[in-house]
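Please read the structure below before turning to the comments.
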């Protein structure tokens, strides 16, 4: 078998293959026997027709059948001989074969490109690491959310006020004010002074009572498009928050016995969450800095495959409307994300190979043990979860990622910046208002 591989670019290859008749003859004979089983000729039992007679009547069909059955075998043999691993389905062209002659074909495909990493020096990247400085308002907000999660609703006899909830049916109207059939949302909660119920809508709902019908324009989508609705009030309710007493504390945090202990535990979780947020952002900057420095080429087919899997996951998610997902829109929205992740995937492999990084079974078990030590009450669930190979692989991937990022960190010039959570809250409020 003669194989010639042309390198088109870092990831595209064109492979020409020629197989002599001497190499093909045995396979052709076996294929001819199978072909004869599908042929009905008077005077012969199925599978017993001599090859010479078959060739006289069915030679072109036998040649085509052989090509269809044998082509993939020789394509895979050629790849193995040249140690090539395609990442997409090959485009096979120029297929040529006739009985007692050589077979030849050309296959075009993509492979993972070989990534050449630059020699890194100290302070090769400038990275900013954010240290979040929380305050007591963060703790107050979490306690408030915990109380809201355990709140009860109480009917309001007087008219609705800001902060109350209106239970209502929403009937969409056309431009002439006539109800649109099939466009009615039943038993929806509207918070007076929250979400879409502000400005002129706030004034319209103030004082509302059961039985009232109120017309208002409600925002329907992210583009800010509005439609007129008739709001039929069913009930007006207010949120009653539970007192912070022993019963409440036991519900939300069994490890705490007093309000002070609850607040201390909440504060610890806030610190941990912000620390995790800071570390994630820092690690993302590290990988992005190397991607920007190297800017590796990647096979377009790998990005297409990434997006195909993403769309399939969306369809299988079970979310409302998942089966009708707009594939073109998803591809457009996530194209840059897929390209970035593909670059990092290729560079990650290069770093692992160059540095001979390894994650052992003992490393994985030690990480699982840490989880068991942190959550002894959930030991059975944790052990059961990590008996599944795919979940253990996830830990292995995380540990390898840590090795890679720890390695890159030694080449970073790190500037630490303090950010007050107070400023983050103000920014979020500003964005919400606009």
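Numbering (my numbering), first residue to last: 392 to 825. All C-beta atoms in this analysis are idealised placements derived from N, C-alpha and C, irrespective of residue type, glycine included. Given the structure is predicted, the values throughout are model-derived calculations rather than measurements.
### Query
If you draw a straight line from the C-alpha of residue 854 to the C-alpha of residue 561, how long is it?
What the structure shows of the chain is the stretch from 392 to 825, and residue 854 is not part of that stretch, so it cannot be assessed.
### Task
Kindly indicate which three-state DSSP category residue 809 falls into: helix, strand or coil?
strand
### Query
Beta-carbon separation of residue 461 and residue 422 under 9 Å?
yes
### Query
In this structure, does DSSP put residue 521 in helix, strand or coil?
strand
### Task
Using the Cα positions of residue 800 and residue 656, report the straight-line distance between them to the nearest angstrom.
32 Å
### Query
Going by C-alpha distance, which of 661, 491, 400 and 596 is nearest residue 553?
In terms of Cα proximity to residue 553, the closest of 661, 491, 400 and 596 is 596.
### Message
Taking the beta strand (DSSP E) that residue 404 belongs to, which residues open and close that run?
### Response
403 to 410
### Which of helix, strand or coil DSSP assigns to residue 618
strand
### Task
Pick helix, strand or coil for residue 786, following the three-state DSSP scheme.
helix
### Task
Would you list the residues sitting across from residue 611 in a DSSP beta bridge?
Partner(s): none; residue 611 has no beta bridge.
### Query
Looking only at its own chain, which residues have a Cβ that is under 6 Å from the Cβ of residue 829, when we skip the five neighbours before and after it?
With the chain represented from 392 up to 825, any question about residue 829 goes unanswered, as that position is not in the structure.
#### Entry: Continuous beta strand (DSSP E) stretch holding residue 537: start and end
Counting along the chain, residue 537 sits inside no beta strand (DSSP E); it lies in the alpha helix (DSSP H) bounded by residues 527 to 540.
### Task
Compare the Cα-Cα distances from residue 785 to each of 772, 796, 804 and 750 and report the closest residue.
The shortest C-alpha separation from residue 785 is found at 750.
### Contact under 9 Å by Cβ, residue 685 with residue 506
yes
### Query
Among residues of its own chain, excluding the 5 on either side of residue 476, which ones have a beta-carbon nearer than 8 Å to its beta-carbon?
When the five nearest sequence neighbours on each side are left out, the beta carbons in the same chain lying within less than 8 Å of the beta carbon of residue 476 are those of 470, 502 and 503, in order along the chain.
#### Entry: Residue burial classification, residue 627 (beta-carbon count within 10 angstroms, cutoff 16)
buried
### Message
Using 9 Å as the threshold, is the C-beta distance between residue 459 and residue 489 below it?
### Response
One thing to note: residue 459 has its Cβ no nearer than 9 Å to the Cβ of residue 489.
### Query
Of all the options 593, 734, 392 and 619, which has the alpha carbon lying nearest to the alpha carbon of residue 466?
Closest option to residue 466, judged by alpha-carbon separation, among 593, 734, 392 and 619: 392.
### Message
Helix, strand or coil, according to DSSP, for residue 463 in the structure here?
### Response
helix
### Sequence ranges, alpha helix (DSSP H) only - wholly within the stretch 553 to 602, length at least 4
591 to 596
### Query
In whole angstroms, what separates the C-alpha of residue 545 from that of residue 668?
38 Å
### Task
Let me know the secondary structure DSSP gives residue 732 once reduced to three states.
helix
### Query
Quick one: is residue 557 buried, meaning 16 or more other Cβ sit within 10 Å of its Cβ, or exposed?
It is buried - the Cβ of residue 557 has at least 16 other Cβ atoms within 10 Å.
### Segments assigned alpha helix (DSSP H), at least 4 residues, entirely inside the stretch 683 to 727
691 to 706
### Three-state secondary structure (DSSP) of residue 755
Look at residue 755 here: in three-state DSSP terms it is helix.
### Message
Closest to residue 803 by C-alpha separation, out of 539, 515 and 418, would be which residue?
### Response
Across the set 539, 515 and 418, the C-alpha of 515 shows the shortest separation from the C-alpha of residue 803.
### Query
Where do the ends of the beta strand (DSSP E) carrying residue 498 lie?
494 to 501
### Query
With a CB to CB cut of under 6 Å and the five nearest residues on each side skipped, what residues in its chain are close to residue 407?
395 and 497
### Query
If we call anything under 9 Å between Cβ atoms a contact, is residue 529 one with residue 661?
yes
### Task
Over the uninterrupted beta strand (DSSP E) stretch that includes residue 643, give me the two end residues.
Taken as a continuous stretch (DSSP letters only), residue 643 belongs to no beta strand (DSSP E), being part of the alpha helix (DSSP H) at 637 to 643.
### N- and C-terminal bounds of the beta strand (DSSP E) containing residue 394
393 to 398
### Query
What separation, rounded to the nearest whole angstrom, lies between the Cα atoms of residue 605 and residue 540?
30 Å
### Message
According to DSSP, is residue 766 part of a helix, a strand, or is it coil?
### Response
Per DSSP, reduced to three states, the secondary structure at residue 766 is coil, with no helix or strand assignment.
### Message
Short of 6 Å in beta carbon distance, which residues of its chain neighbour residue 805, apart from the five on each side in sequence? Order them along the chain.
### Response
Cβ neighbours of residue 805 beyond the five flanking positions: 518 and 520.
### Query
Going by Cα to Cα distance, which pick from 690, 673 and 715 is closest to residue 341?
Residue numbering for the chain in the displayed model covers 392 to 825; residue 341 lies beyond these limits and cannot be assessed.
### Query
Can you tell me the Cα-Cα spacing of residue 510 and residue 536, whole angstroms?
50 Å
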